[in-house]
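Written below as structure tokens is the structure these notes are about.
In full-length UniProt numbering, the protein residues as written are 1 to 630.
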């Protein structure tokens, strides 16, 4: 987003009625922001092996093994907690006093884009060989999407698009490595398309893509490694080299993805490459990319140098231009990860990319390049969809299409939530691009209309900076509210945000921060410490922790009640046990019941240690005060 992204991941703490579950050793947790602990990463690594092993059996047999392994590992984890009698805080320790880590002025606030001549961005194969290979999850673990590009894109004035049917869309695959395509037991076919970015203005150049192929593999076994080649087996050099992937765990409360990486506003700068390197080092089994992928719209159609602010640098441009070859460079750069790990995307404002007279055509690149489970999840549009990954149900929401409660997206989301069985998928994670809760000046209350339309239904369930909230609903601290996390700082060219709306002189006016879609719903607070004001005079009570840093997040769901969230800053990359922020998110089904369930308990024994407060905490606990909007 302009001057900043934001994506939102939230979890509903209500779920199966598991009141017999004991809480973790809450009092053994020290309220501390920076933690050194190898215990959890070791645990998460250990969970991956049995998940793959049990996939060889039947579904019920596999599920039983997952539960037994989890029980054993959790006992080991709980024993470590008892020994340490301290460590990572949990949401049970909240609400936390608001804390801010000031931006480290020794660090760069941003960096330039990587040029398309960089070896990581140039073509590495010759047509008709596939490139920009990427995987995407389907609605469940028994199917998966494979996408790639063949042929060369074109930039110019009078372009003849490629024939997408000239090259077949095939994926040859199996559970064993094979020397050639004919040795795989399975082959799946799909379709291909070509898109164009056209500008009917003097001096602007047009673009037409290579052929973009999408193939859906079906009948896969969950948590199983597969080997594959994609392309056209009838053409010499038409198939890729062999790649491999591991399917996600079967839908069910006993198994979870090893790690889920979450990135927003990635771009393709020097900071972006550091984020991707750091992410790869953390070895996730799934990646959520919550909008603003390439920032191709920070360029003129003629290329040249990208800029942090398009309107500032090109005030006379007839339209918001874009340089589409940046998308191809981004696809090549990401391929080492996306060809083996599913990448799940949702659109951001930098994907709008208007074209034609008056910009009547939008999102052409986003809609053509990515495969998502839209039909499988019943949305029938790539602007919003859902999917399962083990015991997690993910909902990807669109902020740049109709989100009103009378609209199609809202109706779809309501039906999707009604179908969720919390005995099967205890965790529900929703992600979208613009932030609802955000105390930075950039994008402050920008998508307040969307929040007002959707928050009540979600009640559970993005700025170039990091911010984690206390549990909140309608700007009021709420023990049954979701945990919102804003993470819009993957490394983009727009630079990192450092100004807060509560800093002196930094409060935006109600007429600022216009959204690219939807209306303005800016409101003053009607109660609480900010009563009668548009901005707080201090860090809001619902903002638990914020800092301006580039990085990515990792979500590790341990069982039906506990999930570990870790913010990995780029400046901490590869540091032994070094993290920027870390917390256990704890679901409390006994307090916030959604539906009855008999889901099994996989939790730590009752607390046995006192709960000290770290001297590094940000102050004494303050009484909860209402801060509602009207």
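C-beta: ideal position from N, C-alpha, C; glycine also. On a predicted model such as this, the values are computed, not experimentally measured, just so you know.
{"Item": "Short Cβ contact (8 Å threshold) for residue 288 with residue 257", "Value": "no"}
{"Item": "Reduced DSSP secondary structure (H/G/I, E/B, other) of residue 349", "Value": "helix"}
{"Item": "Extent of the continuous alpha helix (DSSP H) run through residue 327", "Value": "325-338"}
{"Item": "CB-CB length for residue 327 against residue 378, believed under 8 Å", "Value": "About 28 Å; that fails the 8 Å criterion."}
{"Item": "Burial state of residue 131, where buried means 16 or more other Cβ atoms lie within 10 Å", "Value": "buried"}
{"Item": "Which of helix, strand or coil DSSP assigns to residue 210", "Value": "coil"}
{"Item": "CA nearest to the CA of residue 136, picked from 386, 589, 397 and 510", "Value": "386"}
{"Item": "Supposed contact pair residue 225 and residue 142 - C-beta distance, whole angstroms, cut 8 Å", "Value": "Between residue 225 and residue 142 the Cβ distance is about 15 Å, and since that is not below 8 Å, they are no contact."}
{"Item": "Sequence-distant residues of the same chain with beta carbon closer than 8 Å to residue 439, five excluded per side", "Value": "467, 500, 501, 502, 536, 539, 540, 543 and 546"}
{"Item": "Alpha-carbon to alpha-carbon, residue 182 and residue 489", "Value": "44 Å"}
{"Item": "For residue 417, three-class secondary structure by DSSP", "Value": "helix"}
{"Item": "Span separating the alpha-carbon of residue 50 from that of residue 559", "Value": "Residue confidence for residue 50 is low, a pLDDT of 27 falling below 50, so the modelled location carries little weight and cannot support an answer."}
{"Item": "Where residue 586 falls, given that 16 or more other Cβ within 10 Å makes a residue buried", "Value": "buried"}
{"Item": "Residue 580 versus residue 98 - alpha carbon distance", "Value": "16 Å"}
{"Item": "Start-to-end residues for the alpha helix (DSSP H) that takes in residue 367", "Value": "364-369"}
{"Item": "8 Å contact criterion, which residue 399 and residue 354 should meet: CB distance rounded", "Value": "That pair is no contact at about 16 Å."}
{"Item": "Residue environment, residue 504, which counts as buried when at least 16 other CB atoms sit within 10 Å", "Value": "exposed"}
{"Item": "With 16 other Cβ atoms within 10 Å as the buried cut-off, status of residue 173", "Value": "buried"}
{"Item": "Cβ-based neighbour list, residue 114, same chain, cut-off 6 Å, excluding 5 preceding and 5 following", "Value": "268"}
{"Item": "Neighbourhood of residue 518 by C-beta, 6 Å cutoff - its chain only, sequence neighbours within 5 removed", "Value": "449"}
{"Item": "Where the alpha helix (DSSP H) through residue 458 begins and ends", "Value": "448-458"}
{"Item": "Residue 266 - DSSP class collapsed to helix/strand/coil", "Value": "coil"}
{"Item": "For residue 661, three-class secondary structure by DSSP", "Value": "Look at the range of the chain in this structure, 1 to 630, and you will see that residue 661 is not part of it."}
{"Item": "Distance, residue 511 Cα to residue 308 Cα", "Value": "22 Å"}
{"Item": "Distance CB(residue 458)-CB(residue 414) smaller than 8 Å", "Value": "no"}
{"Item": "C-beta atoms of residue 376 and residue 139 nearer than 8 Å", "Value": "yes"}
{"Item": "Cross-strand partners of residue 388 (DSSP beta bridge)", "Value": "393"}
{"Item": "Between the CA atoms of residue 451 and residue 491 - distance to the nearest angstrom", "Value": "26 Å"}
{"Item": "Sub-8 Å separation of residue 345 and residue 370 beta-carbons", "Value": "yes"}
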